[in-house]
Amino acid sequence: MESGVSGQMWLYIWLALFVLAGLVGGIVSGFFKARKIQNRKFDWAIFRHEMFFATLSLTLTTFVIGSLTALLTQIGWIAFKTGPAPLWVVALEYVGYFLFFDTCFYWAHRAMHVEPWYRWIHKTHHKSTMPHPMTSLSMHPFESVIEGTFVPLFVTLFTIHEATMALVVPTAVAMGLYVHSGHEFLPRWWNRRWLTKWFIPATFHDQHHHYFTGNYGGYTTIWDYVCGTVCNNYERDFDRHHERITEGRAGRSVAEPATET
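Residue numbering for the sequence shown follows our numbering, beginning at 166 and increasing consecutively.
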């Protein structure tokens, strides 16, 4: 058991170092500036709002979800398979989690856009019209708790291996940070190829914050395409952004400043 924990810790350390090296290199080379989706001025008032709700939501959600997970583990509803697992089994469990989370997120997210839930709860998250990493944590505590239940629910319904669980949490954190990064790192052909078009680029969720509707998926575009909720300007904005990258200019936003209605 100790070696398993140690191995998992080393995985997290290497991932952290990899991300840190990428951030430093990207900033130095100007890589991030060229890929900025919106080029509007940074709003410190909104940032303070995000800091407050991120701290509040993270604190309360950690307590509530931590307590819930501990209780479910204690009564035997949550348990993990130990020991070595075939790679294909881990991959299958991981894909299952990926699709499960995306399904829960899409329908919960879409429900949050129905009044009065939007006005009472989700509007807190939409205060941020130009997303950046802090935005991923800035939400109403109730919404944060709802989203936080998806992983415990998955491992309650399905018994997965510890190796799979070691991938689940980093994925949840990384995807939240990426889709709110405000920068597009994926290539221009991403939303044109059949295999890759189902995985959301940052532009996809950035549009959701910009237009306040559509593009509800968290990990994939599957439910948005199935339900017809993909923003009409998605492919146009994605292409325009990459045209600016190609031309070496990042001076103009892909759309007019957002105005909430």
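The beta carbon of each residue, even a glycine, is placed where N, CA and C say it ideally should be.
Checking the DSSP bridge columns, you'll see Thr385 partnered with Phe364. For Cys269, the closest C-alpha among the options Tyr384, Asp404, Arg405, Glu408 is that of Tyr384. DSSP, reduced to helix, strand and coil, places Lys246 within a strand of the structure shown. Listed in chain order, the non-local C-beta contacts of Trp355 below 6 Å within the same chain comprise Thr361, Pro366, local neighbours out to five positions each way being set aside.
Counting C-beta pairs with one atom in each stretch, the stretch 317-334 and the stretch 373-382 have fewer than three that are closer than 8 Å, which means they do not touch. Thr394 sits away from Trp363, with the two beta carbons spaced by 9 Å or more. For Arg284, the enclosing alpha helix (DSSP H) covers residues 282-285. Counting C-beta pairs with one atom in each stretch, the stretch 248-257 and the stretch 292-302 have fewer than three that are closer than 8 Å, which means they do not touch.
In the displayed model, Lys201 falls within a strand according to three-state DSSP. Considering only His375, Phe369, Arg409, the residue with the shortest C-alpha distance to Tyr390 is Phe369. Cβ-Cβ distances below 6 Å link Leu225 to Pro306 in the same chain, with the five nearest sequence neighbours on each side left out; the list follows chain order. CA-CA distance, Phe323 to Asp208, rounds to 43 Å. Following the DSSP letters along the chain, one finds Asp267 inside the alpha helix (DSSP H) bounded by residues 252-277.
Of the candidates Phe212, Met340, Val320, Ile311, Val320 places its Cα closest to the Cα of Gly261.
At least 9 Å separates the beta-carbon of Ser303 from that of His287.
The Cβ neighbour count for Glu280, taken over all protein chains shown within 10 Å, is under 16; the residue is labelled exposed. Of Gly241, Phe266, Lys246, Glu258, the smallest CA-CA separation from Gly341 is found for Phe266. Secondary structure of His305 (DSSP, three-state): coil.
Pairing Ser293 with His214 gives a Cβ-Cβ distance under 9 Å.
Contact between His348 and Arg200 holds: CB atoms are separated by about 5 Å, below the 8 Å threshold. Rounded to whole angstroms, Tyr376 and Arg409 show a C-alpha spacing of 21 Å.
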